[in-house]
Amino acid sequence: MTKPGSKAPAFTLDSEDGPLSLKDFAGKKLVLYFYPKDDTTGCTREAIDFTGLLPAFAKADTAVLGVSKDTVAKHGKFRAKHDLGVKLGSDPDAKAIEAYGVWVEKTLYGRKYMGIERATFLIGRDGKIAEVWHNVKVPGHAEAVLKAAQALG
740 MTKPGSKAPA FTLDSEDGPL SLKDFAGKKL VLYFYPKDDT TGCTREAIDF
790 TGLLPAFAKA DTAVLGVSKD TVAKHGKFRA KHDLGVKLGS DPDAKAIEAY
840 GVWVEKTLYG RKYMGIERAT FLIGRDGKIA EVWHNVKVPG HAEAVLKAAQ
890 ALG
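Offset between the sequence shown (1-based) and our numbering: plus 739.
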């Protein structure tokens, strides 16, 4: 289960900087946020918000990693287009997405389909999940996560 106090599921994701694994963040805090798709309104706003707060996250010894099923190439275009500083991991097989329990049934205009729930996990230095936000509403979210990271110490 991916709930506060549980061990964060291990993952390895492709990124523009090469493979990224949970173990790469050992000893640091990590904000792992899952989002549906590059270059959509909510996902763009969320990435811009996290990018704007990167200096404050760094001061709190906290890394930030966004994850979607988009390809590394698409992530690169997304980052360049919006001048994003956050690292983005590609999970086309949804292994990490499923491990964190965010591959869920969604409904749009009465049609049901499977997709990524917008969710964020704050992982402590000990590799355990400190806090979880499900069904995230973007406005104010990055700031709330930063406050939690700062409080985690």
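Glycine included, each C-beta is placed from N, C-alpha and C at the ideal position. Treat the numbers as computed from the prediction; the structure is a model and nothing was measured.
{"Asked": "On the criterion of 16 or more Cβ atoms from any shown chain inside 10 Å, does Y839 qualify as buried, or is it exposed?", "Found": "buried"}
{"Asked": "Rounded to the nearest angstrom, what separates L804 and Y848 at their Cα positions?", "Found": "31 Å"}
{"Asked": "Which of helix, strand or coil does DSSP assign to M830?", "Found": "Note on identity: in this sequence residue 830 is Asp, with Met being the wrong assignment. Coil, per DSSP."}
{"Asked": "Start and end of the alpha helix (DSSP H) containing A888?", "Found": "880-891"}
{"Asked": "By how many angstroms is the C-alpha of D763 removed from the C-alpha of A858?", "Found": "21 Å"}
{"Asked": "Taking one C-beta from the region 870-884 and one from the region 750-763 each time, how about it: are there three or more such pairs within less than 8 Å?", "Found": "no"}
{"Asked": "Quick check on this structure: which residue in T751, A799, P775 has the alpha carbon closest to the alpha carbon of M853?", "Found": "P775"}
{"Asked": "Compare the beta carbon distance of A786 and L823 with 8 Å and say whether it is the shorter of the two.", "Found": "yes"}
{"Asked": "With distances taken from CA atoms, which of P748, D777, P794 is nearest K816?", "Found": "D777"}
{"Asked": "Would you tell me roughly how many angstroms separate the C-alpha atoms of G828 and V806, rounded to the nearest one?", "Found": "5 Å"}
{"Asked": "Need the endpoints of the alpha helix (DSSP H) that A797 sits in, please.", "Found": "793-798"}
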